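First residue of the sequence shown? That's 0 in numbering that gives the first Met the number 0, and the numbers climb one at a time after it.
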Amino acid sequence: MKTLTQGTTLCLLFLLATLSTAAPRIGAPAPDFSLQDTEGNTVTLSALNGKYVVLEWTNHLCPFVGKHYDSGNMQSLQKTYTDKGYTWLSIISSAPGKQGHVTANQANELTRSRNAHPTAVLLDERGTAGKTYDAKTTPHMFIINPQGTLVYMGGIDSIASADKGDLAQAVNYVKAAFDDLEAGQPVQSPINPPYGCSVKY
């Protein structure tokens, strides 16, 4: 039996490392993660199997996020789907010292002051979950079905602007995805370009 050369071994190790950090794929199991929420609880994605889960990457200082919160659009989506028993996780991946970084208390105050309705707000200071999901912008949205499969990822809607006036004309991709799923159909547009501020890792 031939032994692997050092070069071949290094190539294999690089390939394995690449595969282990591969970006999430539609139709594949959603990558698992565990994060602390703002109440000090550990939230593990795999423990939520059996429910629809929405992941919303957010940064309250980003004007694109402001568009959706100042208008009430994000809160309306959150309430609509949490009222149906779905889990909505708002994730803050801003690193300490970077724009949008908040303490747990500050995040809770933001939730109260904006009348937001997430199931939980998760703190991802090290960017572990954000990098696992290749989250690029705030907002960046992901939907996971009850079987733990990723069924949507991308922008929240079809008009990449920070102007609240564009909301009425935009196609809301999150709502459209859930309309398809609730009709027993696959998501017709499962990947769309995310837009907004870069995640401040």
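Backbone N, C-alpha and C define an ideal beta-carbon position, used for all residues, glycine too.
Since the structure is predicted, the reported quantities are computational estimates derived from the model, not experimental observations.
- Query: Is it true that the CB of Pro-138 sits closer than 9 Å to the CB of Pro-189?
  - Reply: no
- Could you tell me the distance, in whole angstroms, from the CA atom of Gln-91 to the CA atom of Ala-182? It should be pointed out that residue 91 corresponds to Ile in this sequence rather than to Gln. C-alpha separation (whole angstroms): 31 Å.
- Message: For Met-152, list the residues DSSP reports as bridge partners.
- Response: Phe-141, Ile-190
- Message: Gly-96 and Thr-136 - do their beta-carbons sit closer together than 9 Å?
- Response: no
- Under 9 Å, do Val-173 and Leu-76 count as touching if we go by C-beta distance? yes
- Query: For Val-64, which three-state DSSP category applies?
  - Reply: helix
- Task: Count the other C-beta atoms from every protein chain shown that fall within 10 angstroms of the C-beta of Ser-197, then say buried if there are 16 or more, exposed otherwise.
- Result: exposed
- Query: Thinking C-alpha only, which one of Lys-78, Asn-144, Ala-161 is nearest Val-52?
  - Reply: Asn-144
- Check whether the Cβ atoms of Val-186 and Ile-142 sit closer than 9 Å, and answer yes or no. yes
- Message: Using only the alpha-carbon positions, how far apart do Tyr-200 and Ala-22 sit?
- Response: 17 Å
- Message: Quick check: the Cα distance between Phe-63 and Ser-112, rounded to an integer number of angstroms?
- Response: 18 Å
- Message: Measuring alpha carbon to alpha carbon, tell me which residue in Ala-106, Asp-69, Asn-72, Val-120 is nearest Trp-87.
- Response: Val-120
- Query: Does the distance from the CB of Ala-115 to the CB of Met-73 come in under 9 Å?
  - Reply: yes
- Cβ atoms of Ala-27 and Leu-149: under 9 Å apart, would you say? yes
- Task: Note down the Cα distance separating Phe-13 from Ser-70, rounded to an integer number of angstroms.
- Result: In this prediction, Phe-13 scores a pLDDT of 34, lower than 50, which makes its location untrustworthy; the coordinate-derived value is nonetheless stated afterwards. Roughly 46 Å separates the two Cα atoms.
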